[in-house]
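Only one structure is covered here, and it is reproduced in the block below.
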Amino acid sequence: MDPGMFRPDLTPLVGGANTLLSLGIVLFVFLLLRGDLRRLLCQVIEYPEGASFYLRSLALVLLATGLSKAILYFDAKSIAEPMEVVWAVTARISGLLDTLLIVLLVFVGMITVLVAVGGTRHGK
Amino acid sequence: MGNEQFLVLSYCLVGLLCACFGLGAYYWLRGPADAIFARLRQSGLDRALQKLLPASLVALALSGFMSVDYYGGCVTTRYQEIVGDREYMLRVNREQMSSALDWIVRARFAWSGIVLLVIIAIRRERKRATDRDRTSPAIAGADAVSPSPPIAK
Numbered sequence: 000m001d002p003g004m005f006r007p008d009l010t011p012l013v014g015g016a017n018t019l020l021s022l023g024i025v026l027f028v029f030l031l032l033r034g035d036l037r038r039l040l041c042q043v044i045e046y047p048e049g050a051s052f053y054l055r056s057l058a059l060v061l062l063a064t065g066l067s068k069a070i071l072y073f074d075a076k077s078i079a080e081p082m083e084v085v086w087a088v089t090a091r092i093s094g095l096l097d098t099l100l101i102v103l104l105v106f107v108g109m110i111t112v113l114v115a116v117g118g119t120r121h122g123k
Numbered sequence: 000m001g002n003e004q005f006l007v008l009s010y011c012l013v014g015l016l017c018a019c020f021g022l023g024a025y026y027w028l029r030g031p032a033d034a035i036f037a038r039l040r041q042s043g044l045d046r047a048l049q050k051l052l053p054a055s056l057v058a059l060a061l062s063g064f065m066s067v068d069y070y071g072g073c074v075t076t077r078y079q080e081i082v083g084d085r086e087y088m089l090r091v092n093r094e095q096m097s098s099a100l101d102w103i104v105r106a107r108f109a110w111s112g113i114v115l116l117v118i119i120a121i122r123r124e125r126k127r128a129t130d131r132d133r134t135s136p137a138i139a140g141a142d143a144v145s146p147s148p149p150i151a152k
């Protein structure tokens, strides 16, 4: 490319793409889990409000995690090359996925305890 | 607007926004959480939990907001340098919001554990009540089946 050519600042694009992708991933994970999780929770907890609480709290955690990462990584150094945009976005999404993994592992641990308690009750 | 006023205004606004994050999380969870706590038979505990939920969510969101230091980590920044750099102030504001959201996630995990314990407590109470109901009619039934022998005249 000609070095003297005008290159637009693509930094806002990184922020926008990062926010959209973060929220999209979070929404995708929630929609993926929602149906089966609701069925499982209704079966285990037996109180509908209990199942509702855990589903709402999962939605809250996923949304807060996605927003937290999107806000934190909104600023970036001045980016002018399209490929730099891709690298910046993938680096930030990688951070989000790491955090999501930890959040989901903790959630799965909690649900396993719930199922264990429910299982004991049904076993008696 | 001068940079110093911008610093004060942005600090107050972001603090308010973080408190709103906590309140929003509370309103999102309030319905089902209150319904579960209301199932507890111990009077007082349900009300205490209902009051603790908003207090803890807002307090932890504010705690996350306040935990972010303007003076930076390794590199010490002077006050005049902070006030002179709007970009830096905005970055700290974003860190404050992110930290508040992280603390809401932690609070939510703690409350999920509490709700789990409440569910276990409700089950125990119900089981105890069922056992009591089961044993009471048995005693009453035993009395009914074997009445006291008639008194011979």
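In order, the protein sequence lines correspond to chains L and Z. Throughout the first sequence, residue numbering follows numbering that gives the first Met the number 0, covering 0 to 123 in sequence. Throughout the second sequence, residue numbering follows numbering that gives the first Met the number 0, covering 0 to 152 in sequence. Every residue gets a Cβ at the ideal spot worked out from N, C-alpha and C, and that includes glycine. Bear in mind that the values here come from a model prediction, so they are computed numbers and not experimental data.
Residue i vs residue j beta-carbon contact at 9 Å
i, j, result
"R85/Z", "N2/Z", "yes"
"T64/L", "L26/L", "no"
"S66/Z", "Y53/L", "no"
"L8/Z", "V82/Z", "no"
"W102/Z", "G63/Z", "yes"
"I35/Z", "G49/L", "yes"
"V43/L", "V114/L", "yes"
"A87/L", "I78/L", "yes"
"S24/L", "L104/L", "Before going further, note that residue 24/L is Ile rather than Ser in the sequence given. Their beta carbons are not under 9 Å apart, which means I24/L does not touch L104/L by this criterion."
"A69/L", "T18/L", "yes"
Assumed close pair residue i, residue j - CB separation to whole angstroms, cut-off 8 Å
i, j, result
"L12/L", "V112/L", "Contact flag wrong, Cβ pair sits at about 43 Å."
"C17/Z", "L61/Z", "6 Å"
"L59/L", "A47/Z", "L59/L to A47/Z, Cβ: 22 Å. No contact."
"I121/Z", "R38/Z", "5 Å"
"S97/Z", "S21/L", "Not quite, the Cβ-Cβ distance comes to about 12 Å (not below 8 Å), so this is no contact."
"V57/Z", "L15/Z", "Contact doesn't hold; Cβ gap of about 11 Å is too wide."
"M109/L", "L51/Z", "That pair is no contact at about 19 Å."
"V107/L", "I119/Z", "Actually they do not touch by this definition, with Cβ atoms about 19 Å apart."
Proximity test, residue i beta-carbon vs the ligand COA heavy atom, cut-off 8 Å
i, result
"A58/L", "Among the ligands in the structure shown, none appear at all, so the ligand COA cannot be discussed."
Where the alpha helix (DSSP H) through residue i begins and ends
i, result
"E48/L", "47-71"
"G30/Z", "2-37"
"Q49/Z", "44-65"
"Y78/Z", "78-83"
"A16/L", "10-44"
Under 9 Å by beta carbon: chain L residues contacting residue i
i, result
"A34/Z", "Y46, P47, E48, G49, S51, F52"
Proximity to residue i [Cα-Cα], best of the options
i, options, result
"R91/L", "F29/L, L30/L, L71/L", "L71/L"
"N92/Z", "D68/Z, A54/Z, Y78/Z, I113/Z", "D68/Z"
"L61/L", "L30/L, S93/L, A16/L", "L30/L"
"L32/L", "S67/L, E45/L, R55/L", "R55/L"
"S55/Z", "F20/Z, L89/Z, Q41/Z, P31/Z", "F20/Z"
Neighbour list for residue i in chain Z, Cβ cutoff strictly below 7 Å
i, result
"I78/L", "Residues of chain Z passing the Cβ test: none, with the nearest at roughly 15 Å."
"S21/L", "By Cβ distance, chain Z contributes nothing, its closest Cβ being about 12 Å from S21/L, past 7 Å."
"L113/L", "L115"
Residue i: contacting residues in chain L (beta-carbon distance under 7 Å)
i, result
"R107/Z", "S56, L59, V60"
"A24/Z", "L59"
"L12/Z", "Simply none; closest approach about 14 Å."
Closer than 9 Å at the beta carbon, the chain Z residues around residue i
i, result
"T129/L", "In the structure as shown, chain L starts at 0 and stops at 123, and residue 129/L therefore has no counterpart that could be examined."
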